[in-house]
Amino acid sequence: MPTVVVIDVSASLLRPADPSDPNTTRQDVAQRGILHLLQWLERWQELEPICLVTMGSESRVLVPFETDHKKLRMALYDIAIEDGASISNGLLTACGLLHEHFGVSAEGCQVVMVVDGGPCFTELPALDALLPSLPRSMVFHALMLGTEAEVKRGSPFYQSLAARLRGSFTPILLPQDTGAYKRGFSGLAARFYHPYSASLVCGHMQCALMLYPDPNLGRDVPPAEMHPAVAAETVGGGE
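In terms of this note's numbering, the sequence shown opens at residue 195 and continues consecutively.
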């Protein structure tokens with residue numbers, strides 16, 4: 195189903211992901227993670243329409259819904275950093291785009307938000323007012339970069355939002371996960387985007403088939419039940 199990827203472009207992303215490596219910023223880790231997700235989707239869901247949105251004080255469409263993965267990848271190298279990020283603007287923009295292109299319910303459409311830190315305290319009242327109006331027909335995911343202290347402080351909001359909208363929350367701890375960011379993005383892709391493998395049997399005739407979207411969308415699926423190639427990539431996602 196269609197997906198909007200909302201990308202945090204706040205200035206804090208320019209901080210080093212690992213103090214011992216000042217040449218690798220948090221923006222670099224986020225960019226590489228999104229590239230990995232796009233490569234995964236190109237391999238398994240090449241017709242999945244994807245929209246890229248940057249989330250600063252205002253949210254802007256970087257690439258409208260597109261299946262040209264080369265165009266999507268190239269756009270990630272042309273992102274301007276801003277002073278801050280408004281989570282509420284990012285959510286409203288993503289929901290508005292899905293409603294505009296895929297109907298009021300946007301059933302099964304997904305929003306993937308890649309963020310550096312949690313919402314600021316001054317924004318919490320607006321978010322509390324916004325949450326009840328978000329359609330439960332969508333699926334929301336948050337991948338949050340940060341130190342253990344930052345994740346502990348910011349995770350409750352994203353966890354509650356993901357639980358409400360049948361999605362997932364994935365922390366990417368820095369600096370320890372700097373080189374293993376793929377695991378978080380692979381886990382999201384395998385759980386919410388992998389095809390459903392089955393067999394169609396009619397008497398003595400049988401053929402393999404793959405269904406998309408997965409009728410078990412969002413369910414934790416052990417590798418033994420996945421398509422072998424999907425399972426292998428998931429298990430080795432952090433390599």
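All C-beta atoms, glycine included, are put in the ideal place defined by N, C-alpha and C.
(message) Considering only DSSP beta bridges, list what R254 is partnered with.
(response) Along the sequence shown, read from residue 1 onward, the residue named residue 254 stands at position 60. R254 is bridged to T248.
(message) Report the start-end ranges of each alpha helix (DSSP H) in the region 311-375 that is 4 residues or longer and not cut off at the edges.
(response) 318-324, 342-358, all fully within the region 311-375.
(request) Excluding the 5 residues preceding and the 5 following R209 in the sequence, name in chain order all residues of the same chain whose CB lies nearer than 6 Å to its CB. (result) Here residue 209 is taken as the residue at index 15 of the sequence shown, counted from 1. Hits under 6 Å: R220.
(message) Quick check on Q239: does DSSP put it in helix, strand or coil?
(response) On the sequence shown, residue 239 is found 45 positions in, with the first residue counted as 1. Of the three classes helix, strand and coil, the one that applies to Q239 here is coil, per DSSP.
(request) Consult DSSP for A279 and reduce its assignment to one of helix, strand or coil. (result) The sequence position of residue 279 within the sequence shown is 85, counting from 1. Of the three classes helix, strand and coil, the one that applies to A279 here is coil, per DSSP.
(message) Please identify the residue among K346, S362, M249 whose C-alpha is closest to the C-alpha of V200.
(response) Stepping through the sequence shown from its first residue, residue 200 is reached at position 6. When K346, S362, M249 are compared, the shortest CA-CA separation from V200 is found for M249.
(request) Please state if the CB of S206 and the CB of D310 are separated by a distance shorter than 8 Å. (result) Against the sequence shown, residue 310 aligns to sequence position 116. Against the sequence shown, residue 206 aligns to sequence position 12. Taking 8 Å as the Cβ cut-off, D310 and S206 qualify as a contacting pair.
(message) DSSP has V308 in a bridge; who is on the other side?
(response) As a position in the sequence shown, residue 308 is number 114, starting the count at 1. Looking at the DSSP assignment, V308 forms a beta bridge with I201, L337.
(request) Give the single residue among W234, D262, I281 whose Cα lies nearest to the Cα of Y387. (result) Stepping through the sequence shown from its first residue, residue 387 is reached at position 193. Ranking the options by Cα distance to Y387, first place goes to W234.
(message) By DSSP's criteria, M404 is part of a beta bridge. Which residues make up the other side?
(response) Within the sequence shown, numbered from 1, the residue matching residue 404 stands at position 210. Bridge partners of M404: S391.
(request) Determine the extent of the beta strand (DSSP E) in which A269 is found, giving its start and end residues. (result) Here residue 269 refers to the residue found at position 75 of the sequence shown. That residue, A269, is in no beta strand (DSSP E); its alpha helix (DSSP H) goes 263-269.
(request) Please classify S260: does DSSP put it in a helix, a strand, or coil? (result) Residue 260 sits at position 66 when you count from the first residue of the sequence shown. Note on residue identity: the sequence assigns Glu, not Ser, to residue 260. Looking at E260 - three-state DSSP - the assignment turns out to be strand.
(message) So if DSSP puts C396 in a beta bridge, which residue, or which two residues, is it bridged to?
(response) Counting from one through the sequence shown, the residue named residue 396 turns up at place 202. Answer is M399.
(request) Could you have a look at A288 and say whether DSSP puts it in helix, strand or coil? (result) Mapped onto the sequence shown, residue 288 falls at position 94. Note: A288 maps to helix in three-state DSSP.
(message) Taking the beta strand (DSSP E) that D215 belongs to, which residues open and close that run?
(response) Numbered from 1 along the sequence shown, position 21 holds the residue referred to as residue 215. Following the DSSP letters along the chain, one finds D215 inside the beta strand (DSSP E) bounded by residues 215-219.
(request) Output yes or no for whether 8 Å exceeds the beta carbon distance between I273 and V203. (result) Against the sequence shown, residue 273 aligns to sequence position 79. Against the sequence shown, residue 203 aligns to sequence position 9. With a cutoff of 8 Å on beta-carbon distance, I273 and V203 are scored as near each other.
(message) Which same chain residues end up closer than 6 Å to D212 when comparing Cβ atoms and leaving out the 5 residues on each side of it in sequence?
(response) Locating residue 212 in the sequence shown gives position 18, counting from the first residue. Non-local beta-carbon contacts of D212 in its own chain, meaning distances under 6 Å to residues more than five positions away in sequence, involve P369, T372 in chain order.
(request) From the DSSP output, read off the bridge partner residues of P210. (result) Here residue 210 refers to the residue found at position 16 of the sequence shown. For P210, the pairing in a beta bridge is given by DSSP as T219.
(request) Give a yes or no on whether the C-beta atoms belonging to F363 and Y352 are separated by under 8 Å. (result) Here residue 363 refers to the residue found at position 169 of the sequence shown. Here residue 352 refers to the residue found at position 158 of the sequence shown. Yes, the Cβ-Cβ distance between F363 and Y352 is below 8 Å.
(request) Answer yes if the region 391-404 comes into contact with the region 338-357, meaning at least three C-beta pairs across the two stretches below 8 Å, and no otherwise. (result) With a cut-off of 8 Å, the region 391-404 and the region 338-357 do not count as touching, because too few Cβ pairs lie within range.
(message) For V395 and E236, I'd like the C-alpha separation in whole angstroms.
(response) The residue given as residue 395 occupies position 201 in the sequence shown. The residue given as residue 236 occupies position 42 in the sequence shown. C-alpha separation (whole angstroms): 29 Å.
(message) Please tell me whether F139 and L246 are closer than 8 Å, where the distance is taken between their beta carbons.
(response) In the structure as shown, the chain starts at 195 and stops at 433, and residue 139 therefore has no counterpart that could be examined.
(request) Look at M338 and S349 and say whether their C-beta atoms are less than 8 Å apart. (result) One-based indexing of the sequence shown puts residue 338 at position 144. One-based indexing of the sequence shown puts residue 349 at position 155. For the 8 Å CB-CB criterion, M338 and S349 form a contact.
(message) Comparing C-alpha positions only, which one of K264, L285, I228 sits nearest to P329?
(response) Taking the sequence shown and counting its residues from 1, one reaches residue 329 at position 135. Nearest C-alpha to P329: L285.
(request) Determine the closest residue to T261 out of M268, I244, S251, with distance taken between C-alpha atoms. (result) On the sequence shown, residue 261 is found 67 positions in, with the first residue counted as 1. In this structure, I244 is the residue among M268, I244, S251 with its C-alpha nearest to the C-alpha of T261.
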